[in-house]
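Trainee:
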Amino acid sequence: MSVETLLFDPKVVTEFSRKQQEPEWMLQFRLQALQDAAKLPLPKVEKTNINRWNFTNFIPYTEEAPVEGLSQLPEEIRELIFDGEEANVLVQKNSSVIFRQAAEQLAEKGVIFTDLATAAREHEELVKKYFMTEAVKKDEHKLTALHAALFSGGVFLYVPRNVELEMPLQSLFWLSGAETGMLPHILIVAETSSRVDFVANYVAERDSQAAVSNSVIEVFVGQNAQVRVATINNLSQSAVDVTYRRSIVHKDGRLEWIVADLSDGRVISDNTTHLQGEGGNVNVKTVAVGTGEMRANITSSIHHWGRHTASDINARSVMTDEASSILNSITKIEKGASKSDGQQSGKVLMLNPKARGDANPILLIDENDVSAGHAASVGRIDPLQLYYLMSRGIPRKQAEKLIIFGFLDAVISEIPSDTLQKRIHRVIERKFQS
Amino acid sequence: MSTSPKLTIKDLRVSIDDREILKGVNLEVKGGEVHAIMGPNGTGKSTLASALMGHPRYEVTGGEVTLDGQDVLEMEVDERARAGLFLAMQYPSEVSGVTNSDFLRSAINAKRGEGNEISLMKFIRQLDEKMALLEMDEKFAHRYLNEGFSGGEKKRNEILQMMMLQPRIAILDEIDSGLDIDALKVVAKGVNSMLSPELGVLIITHYQRLLNYIKPDFVHVFMQGRIVKSGGPELAERLEAEGYDWVKEELGIEDETVGLKA
Ligand SMILES: Nc1ncnc2c1ncn2[C@@H]1O[C@H](COP(=O)(O)OP(=O)(O)OP(=O)(O)O)[C@@H](O)[C@H]1O
Ligand SMILES: [Mg+2]
Numbered sequence: 001m002s003v004e005t006l007l008f009d010p011k012v013v014t015e016f017s018r019k020q021q022e023p024e025w026m027l028q029f030r031l032q033a034l035q036d037a038a039k040l041p042l043p044k045v046e047k048t049n050i051n052r053w054n055f056t057n058f059i060p061y062t063e064e065a066p067v068e069g070l071s072q073l074p075e076e077i078r079e080l081i082f083d084g085e086e087a088n089v090l091v092q093k094n095s096s097v098i099f100r101q102a103a104e105q106l107a108e109k110g111v112i113f114t115d116l117a118t119a120a121r122e123h124e125e126l127v128k129k130y131f132m133t134e135a136v137k138k139d140e141h142k143l144t145a146l147h148a149a150l151f152s153g154g155v156f157l158y159v160p161r162n163v164e165l166e167m168p169l170q171s172l173f174w175l176s177g178a179e180t181g182m183l184p185h186i187l188i189v190a191e192t193s194s195r196v197d198f199v200a201n202y203v204a205e206r207d208s209q210a211a212v213s214n215s216v217i218e219v220f221v222g223q224n225a226q227v228r229v230a231t232i233n234n235l236s237q238s239a240v241d242v243t244y245r246r247s248i249v250h251k252d253g254r255l256e257w258i259v260a261d262l263s264d265g266r267v268i269s270d271n272t273t274h275l276q277g278e279g280g281n282v283n284v285k286t287v288a289v290g291t292g293e294m295r296a297n298i299t300s301s302i303h304h305w306g307r308h309t310a311s312d313i314n315a316r317s318v319m320t321d322e323a324s325s326i327l328n329s330i331t332k333i334e335k336g337a338s339k340s341d342g343q344q345s346g347k348v349l350m351l352n353p354k355a356r357g358d359a360n361p362i363l364l365i366d367e368n369d370v371s372a373g374h375a376a377s378v379g380r381i382d383p384l385q386l387y388y389l390m391s392r393g394i395p396r397k398q399a400e401k402l403i404i405f406g407f408l409d410a411v412i413s414e415i416p417s418d419t420l421q422k423r424i425h426r427v428i429e430r431k432f433q434s
Numbered sequence: 001m002s003t004s005p006k007l008t009i010k011d012l013r014v015s016i017d018d019r020e021i022l023k024g025v026n027l028e029v030k031g032g033e034v035h036a037i038m039g040p041n042g043t044g045k046s047t048l049a050s051a052l053m054g055h056p057r058y059e060v061t062g063g064e065v066t067l068d069g070q071d072v073l074e075m076e077v078d079e080r081a082r083a084g085l086f087l088a089m090q091y092p093s094e095v096s097g098v099t100n101s102d103f104l105r106s107a108i109n110a111k112r113g114e115g116n117e118i119s120l121m122k123f124i125r126q127l128d129e130k131m132a133l134l135e136m137d138e139k140f141a142h143r144y145l146n147e148g149f150s151g152g153e154k155k156r157n158e159i160l161q162m163m164m165l166q167p168r169i170a171i172l173d174e175i176d177s178g179l180d181i182d183a184l185k186v187v188a189k190g191v192n193s194m195l196s197p198e199l200g201v202l203i204i205t206h207y208q209r210l211l212n213y214i215k216p217d218f219v220h221v222f223m224q225g226r227i228v229k230s231g232g233p234e235l236a237e238r239l240e241a242e243g244y245d246w247v248k249e250e251l252g253i254e255d256e257t258v259g260l261k262a
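Just so you know, the protein sequences line up as chains A and B, in that order.
Residue 131 in the UniProt record's numbering sits at position 131 of the first sequence, and the numbers go up by one each step.
Residue 2 in the UniProt record's numbering sits at position 2 of the second sequence, and the numbers go up by one each step.
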């Protein structure tokens, strides 16, 4: 294939791969993906037309200078990091990891917490084994291929066998400037009987220009391991925000996803879990809050392969102004996954006559001996609830806010940090003020 | 305001879906007084309570209501509450995700106004105190508002709200229905603890039983969307003993409900 038909210049890709000192195989992988990206179609996203969204027009690599400490970050960015000086955190601005700090004990326990390029050099076998091999593959569609070609920064988190971490690890991805691209890849491997909480924040300055975030998170939950991952996306109205989250849960592993989609632009938020081993368990909680002309497609899929596996999807979305969101919940119980249980609930609350929302529950069951259930609703604020709250003296606006936050509470209250919960509250509150 | 409250209802007419339910209600409730409204099912008692509070489904088509001389019917629901009106509802809503205590604190602060919010310590102290008096388990403070509460627990929660909000006029719509005898005593204890010249109470009930614990000064019989007879506590006792037939006979009423004509 000739250079002209590629979406990005392979010279640029080669240059930044070298700059990040990646191993040769990674560069070759990128160049191959770049070719794939030109050929592959966009993903099929149920019930949302994404043909005119901007996935390709951005600057693929923007190098940023490191900072000495968290205090050098602007307030609106820093406030998303919790645990202060104690934080185990990695901060990426555009293409570069600009700050990282981690407690000594982590390394002592054998935990790896670093950017992906460093991991590829220092832990090549591990990265080679898990990186875009099993969970997300580069040639699924144009967006995964673009990601594979252009990812930068990112996180590699490795938790060895029997290591249980009390304090959550955090990462913050800061998209800044006009027409910038940010493509972090997060790879989490939790070995047998380990436990870890991870938080990823994606944030843009409030008045940033058209930009693209194309992020992938791969999570491997080992036998009997417990993993909780919370992602909070808060990009601006002109941004296209794509996140593919994919996880594989082994025998008796437990995984919890908490997904907050607060971006105001175009959002593809995909979350797929394979319950591979017997007795695996996944709990997916998603919230979306849309203002302006936000368009979001939020899809949570679970594949039950192992016997005695259990899943629960709880998706909530609040749409105001002319925002629109589609919540797809897909539970697939494969043949042989007997005694499995799949539950899902999708609820949309619309605050404005022009807001739109849809909740599509899909159960696909190829095995007899299972239980499954779903609930879906799309509605407006109940006038009787509003009357009840107001009858105690609470003004209408505030009563509405109580009902909205109440509606979202099932998900927000699960975010693994009180401070972060409060900040997210504030972020949402700000959205309703403007 | 430290003056004694006064709620005045004059010739109040209320419709729902173009059907007139209240057909001229007249009543005055003053601070220090306990009024009881009794009457058969479907005669408009809850409609009166709801219309006073400003329920969105009810349309006031005539008459006037004032609280301390202020026009209540002009006010939004929340303004009525902040002016001192409280309604313990027959069927309170459930609100998921909003804890009882967050809700109560919002309500108290809405009344106190910005810059004058109640301190968390003081709030918790008051809440603990009132919940203890109502024999409510502490966990109800952290549960979602009325969600999954039993019928009796909801009623207790209504009284808790009344005690926390300290209204000037309290309307209690069938606060006794579905309560066992112990719960009834507890709820009555809560109401009695609030009686003072600063509070006027209007109790809607079907049973004399409640009135044994909360002594009314005035008893009114409601039929056909209006008060058809008023008297003292002895009226409630006679209704309990003899039912409503004698009232209907005395007044020449055949059908006591609000009727079906538009
Ligand atoms: N929201 C409503 N929609 C339709 N009809 C209503 C509504 N509220 C009240 N009504 C009608 O108005 C009439 C009076 O009802 P209301 O609830 O005021 O009676 P009540 O005296 O409180 O009865 P009960 O003792 O059974 O509580 C009834 O015929 C009732 O069906
Ligand atoms: Mg009633």
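We put the beta carbon where it would ideally sit given N, CA and C, even for glycine.
This one's a predicted model, so the numbers in the text were calculated from it and none came from an experiment.
1. At the 8 Å Cβ level, is P74 of chain A part of the contact set with chain B, yes or no?
2. What residues from the segment 48 to 68 of chain B come within 7 Å of chain A, judged by C-beta to C-beta, listed N to C?
3. Three or more beta-carbon pairs under 8 Å between the segment 303 to 312 of chain A and the segment 324 to 341 of chain A, yes or no?
4. Given a limit of 9 Å on CB to CB distance, which residues of the segment 370 to 397 of chain A reach chain B?
5. Kindly say whether residue 457 of chain A, judged by its beta-carbon, lies nearer than 8 Å to any beta-carbon of chain B.
6. At the level of alpha carbons, what is the spacing between D321 of chain A and L402 of chain A?
7. Return the chain-ordered list of same chain residues with a C-beta closer than 7 Å to the C-beta of A262 of chain B, the five sequence neighbours on each side being excluded.
8. Are K285 of chain A and N314 of chain A close, meaning C-beta to C-beta below 8 Å?
9. Please confirm if the segment 64 to 81 of chain B is in contact with the segment 150 to 164 of chain B, defined as three or more CB-CB distances below 8 Å between the two stretches.
10. Can you pull the chain B neighbours of L408 of chain A, defined as C-beta to C-beta under 9 Å?
11. Entirely within the segment 41 to 115 of chain A and at least 3 residues each: give me those beta strand (DSSP E) ranges in chain order.
12. Quick check: is any heavy atom of ligand 2 less than 7 Å from the C-beta of S46 of chain B?
13. Across the segment 215 to 231 of chain A and the segment 244 to 256 of chain A, are there enough close Cβ pairs to call them in contact, namely three or more that are closer than 8 Å?
14. Say the cut is 7 Å; is the CB of E174 of chain B nearer than that to a heavy atom of ligand 2?
15. For ligand 2, is there any heavy atom lying closer than 7 Å to the beta carbon of Q343 of chain A?
16. Does L7 of chain B get closer than 8 Å to chain A when you measure Cβ to Cβ?
17. Given a threshold of 16 other Cβ atoms within 10 Å of its Cβ, counted over all protein chains shown, does H142 of chain B qualify as buried or as exposed?
18. Check whether the Cβ of L349 of chain A lies closer than 8 Å to any Cβ atom in chain B.
19. Please state if the CB of Q170 of chain A and the CB of I81 of chain A are separated by a distance shorter than 8 Å.
20. For P197 of chain B and V34 of chain B, what's the separation of their Cα atoms in angstroms?
21. Which ranges would you report for the beta strand (DSSP E) in the segment 256 to 326 of chain A if only whole runs of at least 3 residues count?
22. Near Q20 of chain A, which residues of its chain fall below 8 Å by C-beta distance, leaving aside the five closest residues on each side in sequence?
23. For V212 of chain A, which residues from the same chain have a beta carbon less than 6 Å from its beta carbon, with the 5 sequence-adjacent residues on both sides left out?
24. My parser needs the alpha helix (DSSP H) runs of 4 or more residues fully inside the segment 119 to 193 of chain B; what are they?
25. Taking all protein chains shown into account, decide if I404 of chain A is buried (16 or more other Cβ within 10 angstroms of its Cβ) or exposed.
26. Spatial neighbours of M1 of chain A within its chain, please: CB distance less than 6 Å, with the 5 preceding and 5 following residues excluded, ordered by chain position.
27. Looking at the unbroken beta strand (DSSP E) that takes in P361 of chain A, where does it start and where does it end?
28. Under a three-way DSSP split, which group does V247 of chain B fall into?
29. For chain A, find out if any of its Cβ atoms is closer than 8 Å to the Cβ of S93 of chain B; answer yes or no.
30. Using a Cβ-Cβ distance cut-off of 8 Å, determine whether M1 of chain A contacts chain B.
31. Leaving out five residues on either side along the sequence, give the residues of the same chain with a beta carbon under 7 Å from the beta carbon of E250 of chain B.
32. Please report the straight-line C-alpha distance between V289 of chain A and V216 of chain A, rounded to a whole angstrom.
33. Residues of chain B with CB under 8 Å from L402 of chain A, in chain order?
34. Cβ closer than 8 Å: which chain B residues qualify as neighbours of F405 of chain A?
35. For K154 of chain B and N146 of chain B, I'd like the C-alpha separation in whole angstroms.
36. Helix, strand or coil: which one does DSSP assign to H55 of chain B?
Mentor: On the basis of the supplied data:
1. For the purposes of this step, residue 74 of chain A is taken as residue 74 along the first sequence, with counting starting at 1. No, P74 of chain A lies away from the interface with chain B (no Cβ there is under 8 Å from its Cβ).
2. For chain A, the residues of the segment 48 to 68 of chain B that bring a beta carbon within less than 7 Å of one of its beta carbons are M53, H55, P56, in chain order.
3. The segment 303 to 312 of chain A vs the segment 324 to 341 of chain A: in contact.
4. Within the segment 370 to 397 of chain A, the qualifying residues are D382, P383, L384, Q385, L386, Y387, Y388, L389, M390, S391, R392, G393, I394, P395, R396.
5. An answer regarding residue 457 of chain A cannot be provided, because it is not within the stretch 1 to 434 covered by chain A.
6. Taking the first residue of the first sequence as position 1, residue 321 of chain A is located at position 321. Taking the first residue of the first sequence as position 1, residue 402 of chain A is located at position 402. About 18 Å.
7. As a first step, residue 262 of chain B is located in the second sequence; it is residue number 262 there, counting from the start. In this predicted model, A262 of chain B has a pLDDT of only 39, less than 50, meaning its place in the structure is not dependable enough to derive any value.
8. If you number the first sequence from 1, residue 285 of chain A lands on position 285. If you number the first sequence from 1, residue 314 of chain A lands on position 314. In this structure, N314 of chain A lies closer than 8 Å to K285 of chain A by Cβ.
9. No, the segment 64 to 81 of chain B does not touch the segment 150 to 164 of chain B.
10. Taking the first sequence and counting its residues from 1, the one referred to as residue 408 of chain A is at position 408. The contact set of L408 of chain A on chain B, defined by CB atoms closer than 9 Å, consists of G97 in chain order.
11. The qualifying runs are 88 to 93, 96 to 101, 112 to 114.
12. Taking the first residue of the second sequence as position 1, residue 46 of chain B is located at position 46. At least one heavy atom of ligand 2 is nearer than 7 Å to the Cβ of S46 of chain B, so yes.
13. Taking 8 Å as the limit for Cβ pairs, the verdict is that the segment 244 to 256 of chain A does touch the segment 215 to 231 of chain A.
14. Translated into the one-based positions of the second sequence, residue 174 of chain B becomes position 174. E174 of chain B: yes, Cβ under 7 Å from ligand 2.
15. Translated into the one-based positions of the first sequence, residue 343 of chain A becomes position 343. When distances are taken from the beta-carbon of Q343 of chain A to the heavy atoms of ligand 2, even the shortest one reaches 7 Å or more.
16. Stepping through the second sequence from its first residue, residue 7 of chain B is reached at position 7. For L7 of chain B, no CB of chain A lies under 8 Å from its own CB, so it is not counted at the interface with that chain.
17. Indexing the second sequence from 1 puts residue 142 of chain B at position 142. Counting the other Cβ atoms within 10 Å of the Cβ of H142 of chain B gives fewer than 16, which makes it exposed.
18. Here residue 349 of chain A is taken as the residue at index 349 of the first sequence, counted from 1. Interface criterion not met: the Cβ of L349 of chain A is under 8 Å from no Cβ in chain B.
19. For the purposes of this step, residue 81 of chain A is taken as the residue at position 81 of the first sequence. For the purposes of this step, residue 170 of chain A is taken as the residue at position 170 of the first sequence. Cβ atoms of I81 of chain A and Q170 of chain A: closer than 8 Å.
20. Position 197 of the second sequence, counting from 1, holds the residue named residue 197 of chain B. Position 34 of the second sequence, counting from 1, holds the residue named residue 34 of chain B. Computed Cα separation, rounded: 11 Å.
21. Correct list: 266 to 275, 281 to 290, 295 to 304, 310 to 319.
22. Here residue 20 of chain A is taken as the residue at index 20 of the first sequence, counted from 1. Taken in chain order, the residues that qualify are A117, S152.
23. By 1-based counting over the first sequence, the position of residue 212 of chain A is 212. Cβ within range, chain order: F58, G181, V240.
24. Within the segment 119 to 193 of chain B, the complete alpha helix (DSSP H) runs of at least 4 residues are 120 to 133, 139 to 142, 151 to 165, 181 to 192.
25. Within the first sequence, residue 404 of chain A is the residue found at index 404, counting from 1. Around the C-beta of I404 of chain A, 16 or more other C-beta atoms lie within 10 Å, and the residue is accordingly described as buried.
26. Within the first sequence, the letter at position 1 stands for residue 1 of chain A. With a pLDDT of only 49 at M1 of chain A, under 50, the local geometry of the prediction cannot be trusted, and no value is derived from it.
27. Here residue 361 of chain A is taken as the residue at index 361 of the first sequence, counted from 1. Annotation for P361 of chain A: the continuous beta strand (DSSP E) segment containing it runs 356 to 365.
28. Taking the second sequence and counting its residues from 1, one reaches residue 247 of chain B at position 247. In this structure, DSSP gives V247 of chain B a helical state, which the three-state scheme calls helix.
29. In the second sequence, the residue the question calls residue 93 of chain B occupies position 93. Residue contact check for S93 of chain B against chain A: a CB pair falls below 8 Å.
30. Here residue 1 of chain A corresponds to residue number 1 of the first sequence, with the count starting at 1. Note that M1 of chain A scores 49 on pLDDT, short of 50, meaning its location in the model is unreliable and no value can be drawn from it.
31. The residue you call residue 250 of chain B lines up with position 250 of the second sequence. Closer than 7 Å at Cβ, skipping near neighbours: no residue.
32. Position 289 of the first sequence, counted from the first residue, corresponds to residue 289 of chain A. Position 216 of the first sequence, counted from the first residue, corresponds to residue 216 of chain A. Rounded to the nearest whole angstrom, the CA to CA distance from V289 of chain A to V216 of chain A is 21 Å.
33. By one-based count along the first sequence, residue 402 of chain A stands at place 402. Within 8 Å Cβ-Cβ: V95, V98, D102, F103, S106.
34. In the first sequence, residue 405 of chain A corresponds to position 405, counting from 1. By Cβ distance, chain B contributes G97, V98.
35. Walking along the second sequence from the start, residue 154 of chain B turns up at place 154. Walking along the second sequence from the start, residue 146 of chain B turns up at place 146. Answer to the nearest angstrom: the Cα atoms are 6 Å apart.
36. Within the second sequence, the letter at position 55 stands for residue 55 of chain B. Annotated three-state conformation of H55 of chain B is coil, per DSSP.
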